[in-house]
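J.: Remember, the numbering used here sits 97 above the position in the sequence shown when you count from 1. Before anything else, here's the structure in question.
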Amino acid sequence: MKNDLRFPKNFVWGVATAAPQIEGAAFEDGKGESIWDRYSRVPGKVLNGDTLDVACDHYHLYKHDFALMRKLGVKHYRLSIAWPRVYPNGDGAVNPKGLEFYSRLIDAMLKEGITPWVTLFHWDLPQSLEDRGGWRSRVVCDAFGPYAEAVVKALGDRVKNWITLNEVFCFTSLGYDGGDKAPGTKETTKVMNQIYHHAIVCHGLAVRAVRQHGGKGARVGITDNPLCPIPVTETPADIAAARKVYAGASLRLLDPIHRGSYSPAYLKQAGADRPEVRKGDFDLISLPTDFLGLNIYTGPFVRAGKGGKPETLPYPPDFPRTSCPWLYITPQVLYWGTRFAHEVYGAKHIYITENGCGYDDEPLVDGEVHDLHRRDLVRNYLGELHRAIGDGVPVRGYFLWSFMDNYEWQDGYTRRFGIIHVDFKTQKRTPKLSAKWYAQVMKENRLV
Ligand code: GBH
98 MKNDLRFPKN FVWGVATAAP QIEGAAFEDG KGESIWDRYS RVPGKVLNGD TLDVACDHYH
158 LYKHDFALMR KLGVKHYRLS IAWPRVYPNG DGAVNPKGLE FYSRLIDAML KEGITPWVTL
218 FHWDLPQSLE DRGGWRSRVV CDAFGPYAEA VVKALGDRVK NWITLNEVFC FTSLGYDGGD
278 KAPGTKETTK VMNQIYHHAI VCHGLAVRAV RQHGGKGARV GITDNPLCPI PVTETPADIA
338 AARKVYAGAS LRLLDPIHRG SYSPAYLKQA GADRPEVRKG DFDLISLPTD FLGLNIYTGP
398 FVRAGKGGKP ETLPYPPDFP RTSCPWLYIT PQVLYWGTRF AHEVYGAKHI YITENGCGYD
458 DEPLVDGEVH DLHRRDLVRN YLGELHRAIG DGVPVRGYFL WSFMDNYEWQ DGYTRRFGII
518 HVDFKTQKRT PKLSAKWYAQ VMKENRLV
């Protein structure tokens with residue numbers, strides 16, 4: 098085909114999950130309680146009161162799951178480590194059984210020819226740390242450093258791709274600023290700024306752990322989900338307006354990580370609410386990374402208003418979305434989200450560490466799920482990623498969220514993001530139509 102949408106040689110195709118969403122075995126082999134184990138038991142917080150206790154039972158079925166991945170031709174898998182499995186209290190005594198589990202897991206993956214991409218923190222803070230202040234307190238940094246080192250030391254001989262934190266906005270703002278995620282509190286602006294600061298210090302501690310103990314060829318980066326505005330028209334004025342909104346939204350995170358200090362704009366905005374910064378913090382925060390991970394699902398439309406002033410437009414009532422009220426279908430967000438990261442922060446190696454969609458009702462019909470909506474959405478989004486690569490944006494890989502239906506946080510098991518269907522009563526896995534389609538994409542390295 099003349100215009101076939103082929104991806105660059107060595108493009109990384111993969112799938113993603115996170116420990117708390119799939120593992121289950123929430124209190125097995127010495128695992129400690131996480132803030133999500135606690136939060137899910139607070140009446141009214143999670144749909145149907147669903148807990149993470151069993152999830153996809155991946156803790157026991159991992160070999161089966163990796164065999165299924167291999168069958169689909171998956172070569173790269175992004176997973177996360179459960180901090181409370183390794184340190185049940187967050188700090189103190191390590192749980193050897195936790196580290197042994199992940200060691201077996203990595204071996205099983207490698208045996209199937211699958212390269213691991215390991216996220217050190219995907220929201221499951223040990224409850225014991227939360228009881229001592231959680232992200233509000235420096236205690237979290239004191240605990241995270243040794244945790245990151247223990248994991249990198251244990252697995253670094255086999256794991257070469259590390260992600261420090263997943264989506265800081267979600268476990269900070271949505272967790273502590275009146276959102277719908279654990280621990281579900283509402284803090285002051287000053288505390289929120291401090292929470293963000295502790296998060297970027299932890300990012301730095303993880304980068305240091307990988308540099309010191311990761312061995313030859315180890316690479317590390319953060320996974321962020323910045324606000325990614327889309328220009329209403331692709332004209333210089335609207336593009337400039339969207340870029341301005343993009344840069345302004347990342348002053349607590351991507352900006353300090355890349356510039357090595359808080360910007361004058363941020364300090365002015367924060368005023369007396371600025372965070373307390375300790376000597377040496379920015380040496381950690383600004384340690385160079387090897388790539389930038391981006392989770393990109395959706396973005397708002399922005400245009401240049403009067404005098405070029407950016408104007409974010411509300412979505413009209415019938416704008417197409419998935420079953421997630423927040424997930425408006427905006428394929429161009431993959432183009433602009435990667436291009437702005439490159440232009441504003443100079444990101445040289447970008448990976449889409451998550452992209453995908455959630456639907457509630459995906460019935461099995463004759464042993465198959467006809468999720469044409471997912472196939473269509475992913476295909477359209479990937480077309481825009483292809484366009485970004487064509488325009489010189491250094492995108493090196495793409496991980497589809499998610500390998501299988503799992504615990505979708507406050508939406509419990511109702512919302513399905515997988516390309517593999519999971520029957521949560523029997524734990525039976527059934528590849529959906531989208532899985533077969535994606536398998537072909539990975540195989541041919543082009544949109545089919
Ligand atoms: C990712 O989060 C997670 O990494 C993953 O664990 C999760 O399962 C997956 O995506 C699907 O949700 O600002 O309150 O208006 C994405 C979570 C949810 C973050 C919507 C931004 C906007 C809601 N996103 N949220 S709000």
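Backbone N, C-alpha and C fix where the C-beta goes; we use that ideal spot for every residue, glycine too. Nothing here was measured: the structure is a model prediction, and the numbers come from that model.
Can you give the beta carbon distance from Thr435 to Thr395, rounded, assuming they're within the 8 angstroms contact cut?
T.: The Cβ separation is near 14 angstroms, so there is no contact.
J.: Helix or strand or just coil, what does DSSP make of His518?
T.: Note: His518 maps to strand in three-state DSSP.
J.: Could you give the distance in angstroms between the alpha-carbon of Ile203 and the alpha-carbon of Gly405?
T.: So the two alpha carbons sit approximately 51 angstroms from each other.
J.: Please work out which residues of its chain come closer than 7 angstroms, Cβ to Cβ, to Glu505, disregarding the five sequence neighbours upstream and downstream, and give them in chain order.
T.: If we look at Glu505 and ignore the five residues flanking it on each side, its Cβ neighbours are Gly455, Arg512, Phe514.
J.: Our contact map puts Asp274 next to Lys283 with C-beta atoms below 8 angstroms; I'd like the distance itself, whole angstroms only.
T.: Asp274 to Lys283, Cβ: 6 angstroms. Contact.
J.: Across the stretch 248-261 and the stretch 204-221, are there enough close Cβ pairs to call them in contact, namely three or more that are closer than 8 angstroms?
T.: Contact holds: three or more Cβ-Cβ distances are below 8 angstroms.
J.: Do Val249 and Ala315 have their C-beta atoms closer together than 9 angstroms?
T.: The answer is yes: Cβ separation under 9 angstroms.
J.: Can you tell me where the beta strand (DSSP E) holding Glu408 begins and where it ends?
T.: Note, Glu408: beta strand (DSSP E), 407-410.
J.: Taking the alpha helix (DSSP H) that Val183 belongs to, which residues open and close that run?
T.: First-last of the alpha helix (DSSP H) with Val183: 180-183.
J.: Can you find the residues in the same chain that come closer than 7 angstroms, C-beta to C-beta, to Gly301, ignoring five residues on each side of it along the sequence?
T.: Taken in chain order, the residues that qualify are Leu381, Ile382, Leu384.
J.: Below 8 angstroms, can you find three or more Cβ-Cβ pairs linking the stretch 221-229 to the stretch 122-140?
T.: Yes, they touch.
J.: In angstroms with no decimal places, state the Cα-to-Cα distance between Gly489 and Ile354.
T.: Computed Cα separation, rounded: 23 angstroms.
J.: Which residue's Cα is closest to the Cα of Asp415: Leu424, Leu351, Tyr156?
T.: Asp415 has its Cα closest to that of Leu424, out of Leu424, Leu351, Tyr156.
J.: Out of Pro105, Pro528, Pro243, state which residue places its alpha-carbon closest to the alpha-carbon of Gln309.
T.: When each option's Cα is compared against that of Gln309, the closest is Pro243.
J.: Regarding Trp546 and the ligand GBH, is the C-beta to nearest heavy atom distance less than 8 angstroms?
T.: Lying outside 98 to 545, the shown extent of the chain, residue 546 is not represented and no answer is given.
J.: Within 8 angstroms: the Cβ of Ala152 and any heavy atom of the ligand GBH?
T.: Answer for Ala152: no, Cβ out of range of the ligand GBH.
J.: Looking at the structure shown, is Arg418 part of a helix, part of a strand, or coil, going by DSSP?
T.: In the structure shown, Arg418 sits in a strand (DSSP, three-state: E or B).
J.: Excluding sequence positions up to five away, which residues of its chain have a Cβ less than 8 angstroms from the Cβ of Gln207?
T.: The sequence as given places Leu at residue 207; Gln does not occur at that position. Cβ within range, chain order: Pro213, Arg255.
J.: How about His219 and Pro117: do their beta carbons lie closer than 9 angstroms?
T.: Against a cut-off of 9 angstroms, the Cβ pair of Pro117 and His219 comes out as a contact.
J.: Residues in the same chain with beta-carbon distance under 6 angstroms from Ala115, minus the five sequence neighbours each way, listed in chain order, please.
T.: Excluding positions up to five away in sequence, the list reads Ser177, His219.
J.: Comparing the CB of Ser358 with every heavy atom of the ligand GBH, is any distance shorter than 8 angstroms?
T.: Answer for Ser358: no, Cβ out of range of the ligand GBH.
J.: Please return the same chain residues whose Cβ sits closer than 7 angstroms to the Cβ of Phe379, not counting the five positions on each side in sequence.
T.: If we look at Phe379 and ignore the five residues flanking it on each side, its Cβ neighbours are Gly357, Ser358.
J.: Just tell me which of Pro372, Lys445, Ile393 has its CA closest to the CA of Arg235.
T.: Nearest C-alpha to Arg235: Pro372.
J.: Given 8 angstroms as the limit, is there contact between the stretch 173-190 and the stretch 139-146, that is, 3 or more CB pairs closer than that?
T.: Touching, no.
J.: Report the option in Gly390, Leu482, Tyr412, Tyr156 whose CA atom is closest to the CA atom of Ala444.
T.: Looking at the Cα atoms, Gly390 is the closest of the given residues.
J.: Once DSSP output is grouped into helix, strand and coil, what is the label at Leu207?
T.: Looking at Leu207 - three-state DSSP - the assignment turns out to be helix.
J.: So the candidates are Glu120, Ala190, Tyr199; which of them puts its Cα closest to the Cα of Leu158?
T.: Checked all of Glu120, Ala190, Tyr199; the closest Cα to Leu158 is Glu120.
J.: Shorter than 9 angstroms from the beta carbon of Leu202 to some beta carbon of chain C?
T.: No chain C appears in the structure shown, which is made up of a single protein chain.
J.: I need the DSSP call for Ile393, collapsed to helix, strand or coil.
T.: Correct three-state label for Ile393: coil.
J.: With DSSP run on the structure shown, which of helix, strand or coil describes Ala115?
T.: Coil, per DSSP.
J.: Kindly indicate which three-state DSSP category Thr330 falls into: helix, strand or coil?
T.: Coil at Thr330, not helix or strand.
J.: Beta-carbon within less than 6 angstroms of Gly311's beta-carbon, same chain only, minus the 5 sequence neighbours each way: which residues are those?
T.: Once the five neighbours on either side are set aside, the close Cβ partners of Gly311 are Val249, Gly253.
J.: Would you decide whether Phe124 is buried or exposed? Buried here means 16 or more other CB atoms lie within 10 Å of its CB.
T.: It counts as exposed.
J.: Excluding sequence positions up to five away, which residues of its chain have a Cβ less than 7 angstroms from the Cβ of Arg418?
T.: So the list reads Leu424, Tyr425, Ile426, once near-sequence residues are dropped.
J.: What's the gap between the Cα of Tyr560 and the Cα of Lys172?
T.: Beyond the ends of the chain as shown, which are 98 and 545, falls residue 560; an answer cannot be given.
J.: How far does the beta strand (DSSP E) with Asn263 in it extend, from its first residue to its last?
T.: 258-263 is the span of the beta strand (DSSP E), which, as asked, contains Asn263.
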